[in-house]
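Chains as they are written, first to last, in full-length UniProt numbering: chain A, 1 to 179; chain B, 1 to 179.
Before any comments, here is the structure.
Protein chains: 2
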Amino acid sequence: MALGKDYVTQECSIARALEIVGERWTLLVVRDAIYGVRRYNDFLVHLGIPRAVLSSRLRTLTEEGILEKRRYQETPPRDEYVVTERGAALWPVLRALGHWGREHIDGHRLRVFRHADCGGEVEPYGTCAACGTLVPVADVVMVPGPELDSAPADPVSRALLRPKRLLEPLETGPAHLAD
Amino acid sequence: MALGKDYVTQECSIARALEIVGERWTLLVVRDAIYGVRRYNDFLVHLGIPRAVLSSRLRTLTEEGILEKRRYQETPPRDEYVVTERGAALWPVLRALGHWGREHIDGHRLRVFRHADCGGEVEPYGTCAACGTLVPVADVVMVPGPELDSAPADPVSRALLRPKRLLEPLETGPAHLAD
DNA sequence: CCGGTCGGTTCAGTGATCGAACCTACGGTG
DNA sequence: CACCGTAGGTTCGATCACTGAACCGACCGG
Numbered sequence: 001m002a003l004g005k006d007y008v009t010q011e012c013s014i015a016r017a018l019e020i021v022g023e024r025w026t027l028l029v030v031r032d033a034i035y036g037v038r039r040y041n042d043f044l045v046h047l048g049i050p051r052a053v054l055s056s057r058l059r060t061l062t063e064e065g066i067l068e069k070r071r072y073q074e075t076p077p078r079d080e081y082v083v084t085e086r087g088a089a090l091w092p093v094l095r096a097l098g099h100w101g102r103e104h105i106d107g108h109r110l111r112v113f114r115h116a117d118c119g120g121e122v123e124p125y126g127t128c129a130a131c132g133t134l135v136p137v138a139d140v141v142m143v144p145g146p147e148l149d150s151a152p153a154d155p156v157s158r159a160l161l162r163p164k165r166l167l168e169p170l171e172t173g174p175a176h177l178a179d
Numbered sequence: 001m002a003l004g005k006d007y008v009t010q011e012c013s014i015a016r017a018l019e020i021v022g023e024r025w026t027l028l029v030v031r032d033a034i035y036g037v038r039r040y041n042d043f044l045v046h047l048g049i050p051r052a053v054l055s056s057r058l059r060t061l062t063e064e065g066i067l068e069k070r071r072y073q074e075t076p077p078r079d080e081y082v083v084t085e086r087g088a089a090l091w092p093v094l095r096a097l098g099h100w101g102r103e104h105i106d107g108h109r110l111r112v113f114r115h116a117d118c119g120g121e122v123e124p125y126g127t128c129a130a131c132g133t134l135v136p137v138a139d140v141v142m143v144p145g146p147e148l149d150s151a152p153a154d155p156v157s158r159a160l161l162r163p164k165r166l167l168e169p170l171e172t173g174p175a176h177l178a179d
């Protein structure tokens, strides 16, 4: 639970939402999942989150239907966490948060989101600046901005340096190739 | 700090934003401030938040320029916390969160947001269903939905039962009249 | 057999939150 | 003046969550 029994008394959809995604780290896990991160270790190195907390968040998000745990190979058994439709529906929240952080706190353009169909930039409210359509999350391409560190330490950040369509799985490649 | 030193390592506007508004209770305080709550005691009874935590959150939000502490009477000295432009800019985040909570978790239409100019409903992405304009937060009127409790216990919730334009101060009235 | 990877769990220490109690400054009443 | 009530806090012990490190089991390759 994000805020315990106290939130339950609140008659408010915002409080309901925060009960589920308001805990520390949770929205960053969802952000990474939408960026295409799917594997336990990739979340771990990219977020720098304690293992116990990551396990707890992945379990909660799976129980809430925001992620789906999926066996992608049998020997050795390996699971991946794939964002569901319910999870992808959090994209507008994350986009709004990122826009607020960029405009009011940070000031840097670390990443740019573009409409895959026409290349137009996705505006703060989710519409394409070029063609005006409301861009669904699956049609968003994330492009690294000019102020993003060009040589990050972890392989996940390196993989995210390439332009990438949201929701599609991230290819981090074998560890021995990343060095 | 919302998530401590760990977030600092993240090159991401979302992480930047969550450092500030990602702590427990913080977004609910901002929500109430946008709803027009301004006084310490009103936050207290409406949120059911521990006093020490409320004091801490109000201080942090003031330091970050999201709220502004303002002396509104001298004897006895009384301060109010008014949401700033930076704070009001979080409205799209809260609207998106509320929409997600309603669509994917709760299912109830507890409150409806309408465009003050034309009465059209504000859609998930912030545009007016009737006239199509992107509705600024100051032009949003909050109307209680049919499923909202019609006789809440605390005076702030009762004051919020009346249709109310966002950002305008909430009139809770004297305590002895609320009974 | 040995080392490495992946996906965890367990555990002690620390920090945050909670709820209650307390405090200050003032105003009103008798 | 004594006393009560309100507004806006602070302080404090108990509890809960997070942190970081260690550990573990299943598997693979050499």
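Think of the CB as a built atom: it goes at the ideal place given N, C-alpha and C, for glycine as much as any other residue.
query                                                                                                                     : result
Selection of the stretch 137-151 of chain A by Cβ proximity to chain B, strictly under 8 Å                                : L148, D149
Cut-off 6 Å between Cβ atoms - residues of its own chain near E80/A, not counting five sequence neighbours on either side : R38, R39, R70, Y72
Own chain residues within Cβ distance below 6 Å of V137/A, not counting five before or after                              : A88, W91, L166
Nearest neighbour of G65/A, chosen from H104/B, E121/B, L160/B [CA to CA]                                                 : H104/B
Assigned secondary structure, D42/B (DSSP; H/G/I helix, E/B strand, else coil)                                            : helix
Assigned secondary structure, T172/B (DSSP; H/G/I helix, E/B strand, else coil)                                           : coil
Inter-residue Cα distance where the pair is R114/A and T133/A                                                             : 12 Å
Nearest-angstrom Cβ-Cβ length linking residue 180/A and L110/A, presumed shorter than 8 Å                                 : Examination of residue 180/A is not possible in this model, given that chain A is present from 1 through 179 alone.
Neighbour flag for V93/B against chain A, beta carbons, 8 Å                                                               : yes
The ligand MN heavy atom lying under 7 Å from the CB of A153/A                                                            : Looking at this structure, you won't find the ligand MN or any other ligand, since it has none at all.
Proximity of D139/A and A116/A at Cβ, strictly below 8 Å                                                                  : yes
Separation of L58/A from D42/A, as counted between CA atoms                                                               : 13 Å
Rounded C-alpha distance that separates K164/B from H99/B                                                                 : 19 Å
Segments assigned beta strand (DSSP E), at least 3 residues, entirely inside the stretch 123-152 of chain B               : 140-144
Min CB distance A116/A to chain B below 8 Å                                                                               : no
Identified DSSP bridge partners for D79/B                                                                                 : R71/B
Chain A contacts from the stretch 104-128 of chain B (Cβ-Cβ distance under 8 Å)                                           : H104, I105, D106, H108, L110, R111, P124, Y125, G126, T127
H115/A, DSSP secondary structure in three states                                                                          : strand
Below-8 Å beta-carbon distance, residue 198/A vs any chain B residue                                                      : Since the first residue of chain A shown is 1 and the last is 179, residue 198/A is not available in this structure.
Partner residues on chain B for V15/A, Cβ-Cβ distance less than 7 Å                                                       : What sits at residue 15/A in the sequence shown is Ala, not Val. Within chain B, the residues near A15/A are L28.
Proximity test, Cβ basis, 8 Å: R86/A and chain B                                                                          : yes
Minimum Cβ-Cβ distance from G36/B to chain A less than 8 Å                                                                : no
Cβ separation of V29/B and D154/B, assumed to be a contact under 8 Å, to the nearest whole Å                              : Going by Cβ atoms, the distance from V29/B to D154/B rounds to 16 Å, so no, they are not a contact pair.
Nearest residue (CA-CA) to Y125/B, options G119/B, G107/B, I20/B, R95/B                                                   : R95/B
C-beta atoms of I34/B and L97/A nearer than 8 Å                                                                           : no
CA-to-CA distance, C131/A to L18/B, given in whole angstroms                                                              : 31 Å
Member of A151/B, C12/B, V156/B, V135/B whose CA lies at the smallest distance from the CA of G120/B                      : V135/B
First and last residue of the uninterrupted alpha helix (DSSP H) at D32/A                                                 : 26-35
Spatial neighbours of I49/B in its chain, beta-carbon cut-off 6 Å, leaving aside the 5 residues before and after          : W25
Per-residue contacts from L170/A into chain B (C-beta, under 8 Å)                                                         : Under the 8 Å cutoff, chain B gives no residues; its nearest Cβ is about 15 Å from L170/A.
Interfacial residues, the stretch 54-75 of chain B to chain A, with Cβ spacing under 9 Å                                  : E64, G65, I66
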